[in-house]
Structures are given as structure tokens and as C-alpha cells.
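If you're matching them up, the sequences are chains A and B in order.
For the first sequence, this note's numbering assigns the number 5 to the initial residue and increments by one for each residue that follows.
For the second sequence, this note's numbering assigns the number 5 to the initial residue and increments by one for each residue that follows.
A virtual CB, placed ideally from N, CA and C, is assigned to each residue, including glycine.
In what follows, a structure is listed as C-alpha cells, so that the remarks can point back to it.
There are 2 protein chains.
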Amino acid sequence: MARVTIIDVAKRAGVSVASASRALNGLVASAETVQKVRAAAAELGYTADARARSLKLGRTQQLAYAVADIGNPVYVDMMSAIERVVAASDYRLVISSTGDADATVELVESLRRGFVDGMVISPLRVTDELVAAISEAPVPVVVLGRMPDDSGTDTVMADSTRGMGLVVDHLVSEGRRRLAFINGPEDTTPGRFRLDGFRRAVAAARNVSSIEIAVDDFTIAEGYGAAVSLLQERAGEIDAVVAANDLIGIGTLHAADDLGLRVPADLAITGVDDTELAQVSRPGLTSVGLGAAERGRLAAELLLARIAEPGRPEQTVTVAPTLRVRGSSVLRAPHTVTAFPREASA
Amino acid sequence: MARVTIIDVAKRAGVSVASASRALNGLVASAETVQKVRAAAAELGYTADARARSLKLGRTQQLAYAVADIGNPVYVDMMSAIERVVAASDYRLVISSTGDADATVELVESLRRGFVDGMVISPLRVTDELVAAISEAPVPVVVLGRMPDDSGTDTVMADSTRGMGLVVDHLVSEGRRRLAFINGPEDTTPGRFRLDGFRRAVAAARNVSSIEIAVDDFTIAEGYGAAVSLLQERAGEIDAVVAANDLIGIGTLHAADDLGLRVPADLAITGVDDTELAQVSRPGLTSVGLGAAERGRLAAELLLARIAEPGRPEQTVTVAPTLRVRGSSVLRAPHTVTAFPREASA
DNA sequence: GTGTCCGTTGGAAACGTTTCCAACCCACAC
DNA sequence: GTGTGGGTTGGAAACGTTTCCAACGGACAC
């Protein structure tokens, strides 16, 4: 059962291949031709070959999402938001997980193959090589994260500073004064900016002391390990743990539990990203959402917009954080604090 | 900066296009030609165009994963397992989320476009139309789930019967005798087989009574709602809830918590899939893993094997379940029970 | 010197589309 | 009757590869 091509359709309809193509694509063609061609196509069960179409048109109708860490639910949230936008726009979504920094650069460079029309990338680490690769990419790239100011790429950012501000202010308003920050790797984009946000917020608060530690990975296991050491050695010195993401927060929650500390009575704990994990843990993990789904959606839309209009000015969009207060930080009924949205373009 | 094609490379190397192609692809060519062509390609930064290559070769070097419900972590586990295999084999992975049954059929039919070389599909509902579409697909399709016996498609199945058996046996051995099963939609593959497994297990046990209810979706919210009603109306009649998946289990856990029932003292709760959610909830949710990651891996490998050797006999592989005992069902230290692996081919 | 064989090469076809361009037809105006 | 113009049409080129096939050249045997 050989492939049905447009040549077969044209023959059956008694018209030229050119006319068949025009009729099927809604270009200029007489009503009669359209009717004949449609009928022939239907009878033969014709579907245009995506490979041939891609070659001829120079586009694949595919977009890529380069995901940093597929084990982290926050990236899954982003991905599904992206998938929704992409599918609704008649594109397909190609998923690639970026390994280390070198592999990420390679991935961006592989865009030269022309297998997608554009890419959304959420890199964990933004190296100079990566910035260079992105600027030389033959198709549009939208970055979920931070880029140098003059990079000239569409960017969607989280507002880590205000996010951490919401967390710290909340803890302070709950009477916590001695905070410990458990960060992930500090050479990553989230690690760097969340630490920075934490420091600013602490500096702005009165009578608040803080200590900072960092772990090698944004995972539950790493968070648990670090929290156990921290709580064993310095439990008396702190009354709240600010985790750099939900996974570390969950790890800390478990560590506190295993060490017999009562949460939130003895220790308040907060996370970042407001993933489903924070929602289902008991007590619920207070967490500041940085709008992962929203960022994913915006990135995908920015990408589509740029493909549609390559000359448009680059945009940098920042998504407002939302604090979700749950049982891990407060005994009262939980509530929600949303920062005002902010948006900027360059 | 126009695309650099193999024609440019050939010119620069002073050879024909045919020779350039052969040299780059490691076909017959003299050492000298290879050297010249490689040098030219490197100087020009040549990369073969995936679109042209796809058309000529009739394959795209892409595989698709049609995921039933991207909001359920178990499918994310499958997806990342698939991604790993696919990426390691020099293929790309295209993700499509299948909506309802009609959309799923459409998706399979869209394989006629030739945008991928094969597909792994995990359909929630297997309709006759879907079976027909799969059997007529122009590229190999591997099904994660159940297919009619004579469908002649490679299939990777979970062993729901034994999985539910492990759960029920565990509860019974913990002294539970009055079980409630909260199922998801019963017209889905998991709904049907998990219910069936539950019934068999209960029938095989002594002195065990059971009730069954079903909800409209395998979600936390649905599980919570159903559990609240169930526990309010019939809390006295049951001592354990067997949830059809972890999401429903988590919902039940929260419902019990909110209603002041102690877990596991008053009520034991179990889930299915052994997702990260079961692991992080407190108490941990006892859950029987059906080998999602393993099934994903096997499906991807089966697909690659069939592409490599189209004539090979169809295979049906069943992955053994593993019971993960956690605090939601037992006060003793948790433990793990693995069923023996089983494999069958047709 | 002629013939044979093998390794290498280049021209051209092919993959299935879309689209350029010239040709055509017909209606209408002059 | 001739000319003009708009709407349709078909042939052929083009997208960038890979691969078929015929031709070439040199080495070797006779």
C-alpha cells in the first residue's frame, strides 16, 4: 500500500499537480476544480506529506522546548502550558532535555539542522557560549530565565526578588526572626537570583538574622540531607527555613518531621514554585509561585509572535509571584498574596 | 547569511555533490576525498538539513509519545523514561497530549503525514476506532496499555491484577477487613483493570467485605470529593480505602485528615502508581507501583526494535508491580514487596 | 598490448511538495 | 473583428539531500 501522493490526486481529478495543490491549499482555483480535487483526495485518503512540505516551505511546523530538569515538577508545569499553546496553534512540540551546559549549547547549535521553527529554552545555567549560540541560532529562541541585558532575545523572567520578598515578609509578619536559607546550586540562574532576593529581603527587614547554605541539586534528597545537618547542629538558632524551591522545602519538611520538630510551631518552612507537591504535603508547604505555567504560556506565545513577525522588537516579560500560605508556616487559616503584575519591553 | 548546503561544501572541496555526500556519510570514498570534504564542511560550518534528509530518506528521525493525561505524574514518569531512550538513540521526541477518544484517533490517523517514524501511545480509552486506526498506521505504534488479543501490535502492559492483589493482601494482612475501592472512570483501561483486580483479590480473601465507588477523573479533587462523602456517610463501615491511583489516594488522605480521622489508625489508605506524590505525602501513601518508568522504557525500546526490524514478531510485555508500604497503611516500619517479573510474547 | 577487475567518481534522478511563469480561455469593450 | 484584461491552468523549477548507474582510471594478469 504505497503512499498516496498529490500526483495520484491530480490524476484522479483530471487536473495538473499544480492545480491540485492550489485547490487543496485554498489558493486560486475554480469552484469546479476545487470540488473535483477534494473529492479525489477524499476517495484516495490523501494527506500531504509533512516531510516534503517541510523541505519545500522551509519550515517544519514544529517548536522545541528544551527543558532543564524534567524531574522537577515546575518544568512539567511549564511544559504542559507550552504544549497547550503550541497544539492550539497547529504546531507540534519537540521535547529535549538539556543535560549539562555543554549539551545545552550543542542543542541550541543543532537548530542549524532545521528540525524546528523555533525553540523555548529554560536553561539552568546561562553561559557565554550559550548566549552566543542563541544569538546565532537560525530560528527564534525564547529564553525562560535571565539573559544579559543586551542579548536581544525575547525573555520571560520570574521575579525572584519580589518572590523572596513575599516569603520573607510573610515569615517576619508571623514573628519569625532567625531565618535559614537553603539554596540549590548557586551557579544556576534560579540559585543566584533566589539567593539575591533572599538577601535583599532580609536586609530590608528589621531585627532579622539569617544563615545561608547551599546544596548541589534542587532535589528532595539534597534538601533532606542538608536540612538534617542544619537542624541537628543549629536547630536552636533558627525559627524558619526558607527553601529555594519546593523540592528542597519538602526535604526539609521531612527532615523536621523525622527529627521530631513540630512544623510550624517549632519551625516554619517555605518553598518556591508552588508546585503540586507543596499542595499535597501535610502540612501544606507555604510556597511562592513564580508563575511557571504562565511563564511557559507567555514564552510559547512570544515565540509564535516572533515567527509570525520576525522584525518585531524584542520583549522581556516578568511574571508576578504569588505567595500561597499553607500550614507549614502559619497556624491561622491559609491565604494568598499576589504581587501586582509587572511587564516591561525593550 | 544563507543556508550553507552540501553544494557549497562540494564546490569548496572541489568534488561532486555525490562524493561530498558519500564522504560525509561514511560511504565509499577515497581517504583524500573524505579529508577534503570534511575540511570544507568544517570551514563552512555545514550541517545537513533535517528537512531535506527526511524527505529523501523517508524518515524523520523522530518518534512521538501520545500522552493521555499530562497532569498525572505517572505519565510524566513514563515520558521521561521514553525521552531517555529516544535521545540515546539519536531520535527526537515529539509530545502530543491526546484529548478525548476522538482526538486520540485523529492523532493516530495524523501519522499519515509522516512527521514521525513511530509512536508510543498510552490511551486512556481503547475504542474500536482506535484499534483500527493503530492497525492502519503507516508507521509502527507501540501501545502502553491493553489491546485486543489479536490486534497484532506491540504492547506493554501493567499487571493490574497482581498489583491490586498485592495491595489487598497487604491490607488484609494488616487486619483490615472492610475495604472501599474508589475507582476512576470505569470505561478507561486503568479503571477497568484495577477494578477487576480489586474484585479478584477481594474474592480470593477470606472474610473481607468491600464496597466500590467511582469518580469521573483520576484527580486529587475528585478523590477528595468522593472520599468526603464516603467517609461522612459510611465511615463506620470501612477500615481501609483502596484508591485506584495515587491522586485519588492523596485526595482521600486529605479528606480523612480534614474529617479528623487518624490514618492509619482509623483508616488505612493505599494508592496505585507509586508516584512522587505518594512518597512525599505525610503519612507516606502506601502505593503499588506498576512500573511506569519501566513500561515507558520498554515501550520505547520495542518501538526502536520494530523500526530496525519491521518483520519481527509482535511482543506483549507485562511489567511486574511493586508494593511500596508507607505510613498510610501500617504503623510498623515500611517495607517493599516485589512480584516476580513476567514476560510473554505472541 | 589487450583485457579484466575493482575502487572511485560525477551526472542525474528521485523524494513530494509548492509556486513561478507563461499560456490559455473567455468575456467584454472598442 | 481585434484588442485587452482577469481568472484559471499546466509545465517545470525548486527546496537539499541521497543514491543509482555509467564511466573512468589504474593495477594486474595474460
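Residue from the options with nearest C-alpha to residue i
i        : options                                : result
A/Ala105 : A/Gly201, A/Leu97, A/Ala137            : A/Ala137
A/Val321 : A/Ala70, A/Glu47, A/Leu307             : A/Leu307
B/Gln319 : B/Arg129, B/Ala43, B/Val8, B/Met161    : B/Met161
A/Ser164 : A/Leu335, A/Arg330, A/Ala85, A/Pro325  : A/Pro325
B/Thr159 : B/Asn249, B/Met123, B/Ser213, B/Arg203 : B/Met123
B/Leu48  : B/Arg57, B/Ile10, B/Ala218             : B/Ile10
B/Pro189 : B/Glu313, B/Gly293, B/Asp220           : B/Asp220
B/Asp191 : B/Glu178, B/Ala218, B/Phe202, B/Arg180 : B/Ala218
A/Val8   : B/Arg117, B/Leu61, B/Val206            : B/Arg117
A/Pro314 : A/Ile99, A/Arg150, A/Ala54, A/Thr157   : A/Thr157
B/Arg96  : A/Ala92, A/Leu235, A/Thr102            : A/Thr102
B/Ala2   : B/Phe197, B/Tyr50, B/Phe202, B/Leu67   : Nothing in the structure corresponds to residue 2 of chain B, since chain B is present only between 5 and 350.
B/Ser84  : B/Arg299, B/Leu327, B/Leu335, B/Ile311 : B/Arg299
B/Arg166 : B/Leu335, B/Gly293, B/Ala297           : B/Gly293
B/Ile215 : B/Val109, B/Glu87, B/Tyr228, B/Arg238  : B/Arg238
A/Val284 : B/Thr223, B/Ala312, B/Leu128           : B/Thr223
B/Arg63  : A/Ile86, A/Gln65, A/Ser100, A/Ala54    : A/Ala54
B/Glu178 : B/Arg203, B/Gly30, B/Ala209, B/Ala45   : B/Ala209
A/Leu128 : A/Ile99, A/Glu110, A/Arg196, A/Leu61   : A/Arg196
A/Asp94  : A/Thr108, A/Gln65, A/Gly30, A/Ala45    : A/Gln65
B/Arg301 : B/Met82, B/Tyr50, B/Arg57              : B/Met82
Contacts around residue i, its chain only, beta-carbon distance under 6 Å, and the 5 residues preceding and following it disregarded
i        : result
A/Val80  : none
A/Glu347 : Unreliable positioning characterises A/Glu347 in this predicted model, as indicated by a pLDDT of 36, which lies under 50. The coordinate reading is nonetheless provided below. Here the set comprises Val321.
A/Ala260 : Val267, Leu271
A/Ile242 : Arg182, Ala184
B/Ala205 : Met168, Gly169, Val172
B/Pro194 : none
Endpoints, beta strand (DSSP E) assigned at residue i
i        : result
B/Tyr69  : 66-71
A/Thr131 : Neither: A/Thr131 is in no beta strand (DSSP E) and is coded neither H nor E.
B/Gly84  : Here the sequence assigns Ser to residue 84 of chain B, which means Gly is not the residue at that position. Looking at the DSSP string, B/Ser84 is not in any beta strand (DSSP E); the run it does join, the alpha helix (DSSP H), is 77-92.
B/Val284 : Note, B/Val284: premise wrong, no beta strand (DSSP E); alpha helix (DSSP H) at 280-284.
A/Ala247 : 244-247
A/Gly293 : 290-293
Contact belief for residue i with residue j at Cβ below 8 Å, rounded distance in angstroms
i        : j        : result
B/Val41  : B/Leu28  : 6 Å
B/Thr114 : B/Ala72  : Just to set this straight, residue 114 of chain B is Ser in the shown sequence, not Thr. The pair is not a contact, with the Cβ atoms about 17 Å apart (cut-off 8 Å).
B/Ala24  : B/Ala17  : 6 Å
A/Ala230 : A/Ile186 : 5 Å
A/Val147 : A/Glu305 : That pair is no contact at about 14 Å.
A/Arg198 : A/Ala269 : Their Cβ separation, rounded to whole angstroms, is 26 Å, which puts A/Arg198 and A/Ala269 out of contact at 8 Å.
A/Gly253 : A/Gly227 : 7 Å
B/Ile86  : B/Ala303 : 7 Å
B/Asp121 : B/Ile311 : 6 Å
Cut-off 8 Å between Cβ atoms - residues of its own chain near residue i, not counting five sequence neighbours on either side
i        : result
A/Leu175 : Leu183, Ala244, Val246, Ala272, Thr274, Ser333
B/Asp250 : Pro77, Val78, Gly275, Val276, Asp277, Asp278, Thr279, Leu281, Ala282, Leu289, Ser291
A/Arg286 : Gly331
B/Ala52  : Ile10, Leu28
B/Pro142 : Leu115, Arg116, Gly118
A/Ala91  : Leu97
B/Val112 : Ala70, Met123, Ile125, Leu134, Ala137, Ile138, Ala141, Val145
Chain-order list of residues whose beta-carbon lies under 7 Å from that of residue i (same chain, five-residue window excluded)
i        : result
B/Val19  : Thr37, Lys40, Val41
B/Pro345 : Unreliable positioning characterises B/Pro345 in this predicted model, as indicated by a pLDDT of 41, which lies under 50. The coordinate reading is nonetheless provided below. Hits under 7 Å: Ala324.
B/Ser349 : Its pLDDT being 37, under 50, B/Ser349 is placed unreliably in this model, and the value from its coordinates should be taken loosely. The residues are Pro317, Gln319, Thr320.
B/Met151 : Val130, Val135, Thr157, Thr159
A/Asn211 : Arg181
B/Leu419 : Nothing about residue 419 of chain B can be read from this structure; chain B reaches only from 5 to 350.
A/Arg26  : Val32, Ala33
B/Val21  : Ile10, Ile11, Ala14
Endpoints, the alpha helix (DSSP H) within which residue i is located
i        : result
A/Gly168 : First, the amino acid is wrong: residue 168 of chain A is Met here, not Gly. A/Met168 -> alpha helix (DSSP H) spans 164-177.
B/Gly300 : 296-312
A/Glu237 : 224-238
B/Arg275 : Contrary to the premise, residue 275 of chain B reads as Gly rather than Arg in this sequence. No alpha helix (DSSP H) holds B/Gly275; the beta strand (DSSP E) holding it covers 272-276.
B/Arg42  : 35-48
B/Thr9   : That residue, B/Thr9, is in no alpha helix (DSSP H); it is neither H nor E in DSSP.
A/Val109 : 105-113
B/Val21  : 21-28
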